[in-house]
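For the sequence shown, the residue numbers in the UniProt record's numbering are 1 to 121.
So the structure is just underneath, and the comments pick up after that.
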Amino acid sequence: HDAVVRLLTAGNAKVAGLDFSHGVIIEGELRKKRANRMVKWRKKYYVLSKPYGAMFFWTGSRTSVEGVIKKVRFETFLAVRHLPDKQGGRRFDLRVVTGRTMELLAASREDAQRWVSVIRS
């Protein structure tokens with residue numbers, strides 16, 4: 001998964017006061033499905049941070065945040081599953097303890113498999 005894991009070395013490693021200069025497990029753009037909306041999939045930027053013990057995501061890019069940064073702590077992850085028959089194998093779901101399921105879409109089947117593998121480890 002080294003190809004997908006990019007340490008945040010380009011530019012400023014701080015995003016909205018969060019320091020992502022070390023301990024990033026995986027990061028990148030994913031699409032998140034929205035319930036009952038005209039725009040079904042919205043681009044979000046995701047960072048899994050070991051030091052914070054959490055996954056952060058926001059609308060925007062690596063260096064620009066639009067709106068609020070959301071956080072999901074690792075200990076709230078219940079299950080992650082790759083859905084190889086959905087969206088050309090790019091889809092995976094992350095279920096958390098609240099019962100909510102985050103439906104996520106990667107750029108490729110391989111990226112989806114990497115995210116699932118990293119989240120499971």
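Quick reminder that beta carbons are idealized off the backbone N, C-alpha and C, glycines included.
{"Asked": "Residue 19 to residue 68 span [Cα, whole Å]", "Found": "16 Å"}
{"Asked": "For residue 93, the three-state DSSP class (helix, strand or coil)", "Found": "strand"}
{"Asked": "Assigned exposure category for residue 9 - 16 Cβ within 10 Å defines buried", "Found": "Confidence is the limiting factor: at residue 9 the pLDDT is only 36, short of 50, which leaves the residue's position unreliable, though a coordinate-based value still follows. By the neighbour-count rule (16 or more Cβ atoms within 10 Å), residue 9 is not buried but exposed."}
{"Asked": "As assigned by DSSP and simplified to three states, the class of residue 42", "Found": "strand"}
{"Asked": "Rounded separation between residue 112 and residue 25 - CA only", "Found": "15 Å"}
{"Asked": "Proximity of residue 45 and residue 73 at Cβ, strictly below 8 Å", "Found": "no"}
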